[in-house]
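K.L.:
This is the structure I want to talk about, given as structure tokens.
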Amino acid sequence: MKRYNVLAAMLLTTALSYAQNKPAYHISGTFSIKGSGGYDYMTVDSASEKLYVSNGSQVNILNKNTGDSLGVIKTQKDVHGIALVHALGKGYISNGTLNKVLVFDLVTNKILKYVPTGKFADAIFYDDFSKKVITCNGMSKNMTVIDPAGDTVVATIQLSGWPETAVSDGKGNIYVNNAEKAEMDVIDATTFKITHHWPNKPGTGASGLAIDRETMRLFATCGNKRIIVMDASNGNVVTSFPIGEEADGAGFDNSLKTVYSSNGEGTLTVIKELSADKFILTGNVVTKLGARTITVDQKTHKVYLPSGLFKPASKETFRPEIIPGTFKILAVEMN
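Printed below as a string of structure tokens:
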């Protein structure tokens, strides 16, 4: 993995290169966040106008339009992702090395319960088919299935490698980006058993993942600076495109039929889906260093990216540490 001081130089070159392309997107807002520590996933809730942002040991809740603070949920440590279950009025926060999920009330933000998970609960999502909350546990190489009705663990899915993130097709299949094996693992959302292992080639490694449920296409960002488009019905790779360095997220706008790769080098790769088997790379938007994860607002079509200023790279840290007081969220939208 390249360090952010190297990526900063790349960003300058990228900005000069892309300036001539006049990408159809721009940064329309910058939201400053009070807090310290690292960051990972965000979740936008179009219905409530809220944006949930992981930051160190807390989740910051912002007005997604203005960036105003609407609340803070303080956890014991190490926040990674946020999943929402509107039908039950509850939210779920994966707490990494705490090996737990925090349950909170969507209205009051009150902490309701902690649920145990596997080791290093990272990505988390709600599967609307099985009506379960599911975590990707990196160090134990498994996934924890939680029934939100009673907030109890009902299944553990053992994998062959580190599960980076996962999505559901809403029809009974769960797709997992297996980072360690560079493959897509498919899970039956009724039995919670693995049904397929599909290689991500020409991608290596795995990070972000999104899905078009209508055309049944998966979009997986990979460690070798490529994003692959996979047929979710058979695992065939339809096409792939180059993306930027340090991509850790993928997003998809359902109505605009647009795929995004958020690249930590400071770019956002934009791909247009013309049909199930035809895609075009429309360009790269210059963002900010560290903007490696993403969430897409399906209502306003804005995308949100995290960023900040970073300390010099260190061999002791997985990623460069963010300088306290510099954490920001970028709102990006079409011109």
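Counting from 82, one number per residue, gives the positions in the sequence shown under our numbering. All C-beta atoms in this analysis are idealised placements derived from N, C-alpha and C, irrespective of residue type, glycine included.
#1: Would you call the CB atoms of VAL198 and THR216 closer than 8 Å?
#2: Report the partner residues of VAL140 according to the DSSP bridge assignment.
#3: Would you mind stating whether GLY325 and ASN365 have Cβ atoms separated by less than 8 Å?
#4: Between the C-alpha atoms of MET82 and GLU261, what's the straight-line distance to the nearest angstrom?
#5: With burial defined as no fewer than 16 other Cβ atoms inside 10 Å of the residue's Cβ, what is the status of LYS380: buried or exposed?
#6: Can you give me the C-alpha to C-alpha distance between GLY286 and PHE201, rounded to a whole angstrom?
#7: Given a cut-off of 8 Å on the beta-carbon distance, is the pair ASN259 and GLY242 in contact?
#8: Going along the chain, which unbroken runs of the beta strand (DSSP E) with 3 or more residues stay wholly within the region 273-312?
#9: Taking 8 Å as the cut-off, does the region 275-286 touch the region 355-371 (at least 3 CB pairs, one atom from each stretch)?
#10: With a threshold of 16 other CB atoms inside 10 Å of the CB of ILE174, please say whether the residue is buried or exposed.
#11: For the candidate residues ILE227, VAL351, SER336, ILE268, whose alpha-carbon lies nearest to that of PRO330?
#12: From VAL310, ALA168, GLY172, ASN180, pick the residue whose C-alpha is nearest to that of MET123; which is it?
#13: Pull up the distance between the alpha-carbon of GLU130 and that of PHE300, whole angstroms please.
#14: With a threshold of 8 Å, are at least 3 pairs of Cβ atoms found where one atom belongs to the region 211-229 and the other to the region 241-257?
#15: Using a threshold of 8 Å, state whether the C-beta atoms of SER113 and LYS409 are closer than that.
#16: How long is the line joining the alpha carbons of SER388 and GLN157, rounded to whole angstroms?
#17: Rounded to the nearest angstrom, how far is the Cβ of GLY148 from that of GLY116, given a contact under 8 Å?
#18: State the DSSP-derived secondary structure class of HIS161, mapped to helix, strand or coil.
#19: So the beta strand (DSSP E) TYR427 belongs to, where does it begin and stop?
P.N.:
If we stick to the structure as given:
#1: At residue 198 the sequence reads Thr, which differs from the Val that was named. In this structure, THR216 lies closer than 8 Å to THR198 by Cβ.
#2: SER135, ILE154
#3: yes
#4: Low confidence applies to MET82: its pLDDT is 37, below 50, so where it sits in the model is not reliable enough to give any reading.
#5: exposed
#6: 18 Å
#7: yes
#8: 275-280, 290-293, 298-303, 307-312
#9: no
#10: buried
#11: Correcting the residue type first, residue 330 is Gly in the shown sequence and not Pro. Minimum Cα distance to GLY330 is reached at VAL351.
#12: GLY172
#13: 26 Å
#14: yes
#15: yes
#16: 23 Å
#17: Not confirmed; about 14 Å, so no contact.
#18: coil
#19: There is no way to answer for residue 427, as the model of the chain reaches only from 82 to 416.
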